[in-house]
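See below for the structure under consideration.
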Amino acid sequence: TGCGEGRVRRHRLPAPRRDKVLALLFPPPPPPDGRKSRRASVHHLSRARCPPPAPDLHLPPPHLPSRVRSPGSSPAAAAVRLPRLSAGDEMAALGGCAVLLAAALLLSAPAATEAYDSLDPNGNITIKWDLKEWTPDGYVAMVTIYNYQQFRHISAPGWQLGWTWAKKEVIWSMVGAQTTEQGDCSKFKTNPPHCCKRDPTVIDLLPGTPYKDQVANCCKGGVISTFNQDPANAASSFQISVGLAGTTNKTVKVPKNFTLKTPGPGYTCGRATVVRPTKFLMGDGRRTTQALMTWNVTCTYSQFLAQKTPTCCVALSSFYNNTIVGCPTCSCGCQNNNTHPGSCVK
1 TGCGEGRVRR
11 HRLPAPRRDK
21 VLALLFPPPP
31 PPDGRKSRRA
41 SVHHLSRARC
51 PPPAPDLHLP
61 PPHLPSRVRS
71 PGSSPAAAAV
81 RLPRLSAGDE
91 MAALGGCAVL
101 LAAALLLSAP
111 AATEAYDSLD
121 PNGNITIKWD
131 LKEWTPDGYV
141 AMVTIYNYQQ
151 FRHISAPGWQ
161 LGWTWAKKEV
171 IWSMVGAQTT
181 EQGDCSKFKT
191 NPPHCCKRDP
201 TVIDLLPGTP
211 YKDQVANCCK
221 GGVISTFNQD
231 PANAASSFQI
241 SVGLAGTTNK
251 TVKVPKNFTL
261 KTPGPGYTCG
271 RATVVRPTKF
281 LMGDGRRTTQ
291 ALMTWNVTCT
301 YSQFLAQKTP
311 TCCVALSSFY
321 NNTIVGCPTC
331 SCGCQNNNTH
341 PGSCVK
């Protein structure tokens, strides 16, 4: 059907294009040594298998439908047969498709956030550091913990805030809070610092602390309410004097690896981010001062982390209760506890 005198008269093709079309319609048998070029195969097809076409042979251009039939031929016999890929090429093509599909799935998948609470998706605890003044070897800062969650209080025994210093800083003194350990301060011959640990842990002071050791919003035993229920008690503050640190905005290094521990585990903290300095309103309301430098740390509650360590406690109260209700005396099977009646069985 392809080597006749050419009965389809549509468009006249030049000789090179005619050879290509003939090669597609009648592919030559594979050469025995497998090293002949495609041009040799085309010439073999046009010269060996088919006689020279008549001068008036017309074939459809490549952009026309790919089925060419002469009158009286069947459609199946005139179907165009494209050359098949080798096994290696097919495997390479399939591998490339698999890589593209995997990349598309990864890009289209939603970002997995570990710290997420479905009951309060926008709630968080923000830790703000405001540098108030420079010292000969560091700075004095006011640290405030804000509970921006809607329903989740921080109950007794309160919060524990930790971090890792970026350099070799020490804590000379604190007001309104204290560290749990002093650390190794043996290199200081006189007046040792309050804490020399590279990763200190800070806790709130208890109620009844002398006034000289207090600052505003301190000394509540680490208990913090929520802004949604009790804005007046939704923050906790302390003052810290840091030494062996920078004395300018360019030389000060923000701490890293912040942690926030509470009676109920499940808080994860992000990196410290330098933000616009905080402004403070003076007592008369007619003057404002500005912090030398400010950075924030945001901590969020994670249901995933909280479920790793379940606690034996059932608080029979709702999220909307105005006060923090402790666990009842018998809520964890303590009726069967003979050694310590009235307490929960862990």
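Under full-length UniProt numbering, the first residue of the sequence shown carries the number 1, and numbering increases by one thereafter.
Here a beta-carbon is modelled for each residue, glycine too, at the ideal position from N, C-alpha and C.
Could you check the C-alpha separation between residue i and residue j for me, to the nearest Å?
i: Tyr139; j: Lys132; result: 7 Å
i: Gly266; j: Cys299; result: 10 Å
i: Thr201; j: Thr180; result: 6 Å
i: His164; j: Gln178; result: Going by the sequence as given, residue 164 is Thr instead of His. Computed Cα separation, rounded: 16 Å.
i: Ser155; j: Thr259; result: 17 Å
i: Pro121; j: Met174; result: 34 Å
i: Thr248; j: Asp137; result: 10 Å
i: Lys189; j: Gly243; result: 15 Å
i: Ser302; j: Gly264; result: 11 Å
i: Glu169; j: Ala245; result: 5 Å
i: Tyr211; j: Asp130; result: 22 Å
i: Ser118; j: Thr268; result: 15 Å
i: Arg152; j: Lys187; result: 43 Å
i: Gln214; j: Ala272; result: 26 Å
i: Pro110; j: Gly158; result: Bear in mind that a pLDDT of 40 at Pro110, under 50, signals an unreliable position, so the number given afterwards is only what the model happens to contain. Cα to Cα, the separation comes out at about 35 Å.
i: Asp199; j: Lys256; result: 9 Å
i: Thr144; j: Asp284; result: 23 Å
Counting C-beta neighbours from all protein chains within 10 Å, is the total for residue i 16 or more, i.e. buried, or is it exposed?
i: Thr226; result: buried
i: Lys197; result: buried
i: Thr135; result: exposed
i: Thr251; result: exposed
i: Ala216; result: exposed
i: Ser237; result: buried
i: Lys220; result: buried
i: residue 359; result: Past the edges of the chain, shown from 1 to 346, lies residue 359, and the structure says nothing about it.
i: Gly208; result: exposed
Tell me which same chain residues have a C-beta within less than 6 Å of the C-beta of residue i, skipping the five on either side of it?
i: Ala48; result: Its pLDDT being 45, under 50, Ala48 is placed unreliably in this model, and the coordinates cannot settle the point.
i: Leu281; result: Thr288
i: Cys185; result: Pro192, Pro193 and Cys196
i: Gln160; result: Thr201, Ile203 and Lys261
i: Gly162; result: Thr201 and Thr259
i: Asn233; result: Ser225
i: Ile125; result: Asn147 and Cys299
i: Pro277; result: Gln290, Ala291 and Thr294
i: Lys279; result: Thr288 and Gln290
Please work out which residues of its chain come closer than 8 Å, Cβ to Cβ, to residue i, disregarding the five sequence neighbours upstream and downstream, and give them in chain order.
i: Val274; result: Val254, Met293, Thr294 and Trp295
Between residue i and residue j, is the Cβ-Cβ spacing less than 8 Å?
i: Leu205; j: Gly176; result: yes
i: Val297; j: Ile127; result: yes
i: residue 419; j: Ala166; result: Past the boundaries of the shown model lies residue 419; the chain is included only from 1 to 346, so the question cannot be answered.
On the DSSP bridge assignment, give the partners of residue i in chain order.
i: Ala177; result: Asp204
i: Gln290; result: Lys279
i: Tyr301; result: Tyr267
i: Asn296; result: Lys128 and Thr273
i: Ala141; result: Leu131 and Ile240
i: Gly246; result: According to DSSP, which records beta bridges pairwise, Gly246 is partnered with nothing at all.
i: Tyr146; result: Thr126 and Ala235
i: Lys261; result: Gln160
i: Val170; result: Gly243
i: Cys195; result: Ile171
i: Lys212; result: In the DSSP output, where bridge partners are listed per residue, Lys212 has none listed.
i: Asn256; result: In the sequence as presented, Asn is not what sits at residue 256; that position holds Lys. Note: Lys256 sits in a beta bridge opposite Thr164.
If I measure Cβ to Cβ from residue i and keep anything under 7 Å in the same chain, skipping five residues before and after, which residues do I get?
i: Gln150; result: Asp120, Gly123, Thr226 and Asn228
i: Cys218; result: Gly176, Ala177, Asp204, Leu205, Ser236, Ser237 and Phe238
i: Gly270; result: Val297 and Thr298
i: Arg286; result: none
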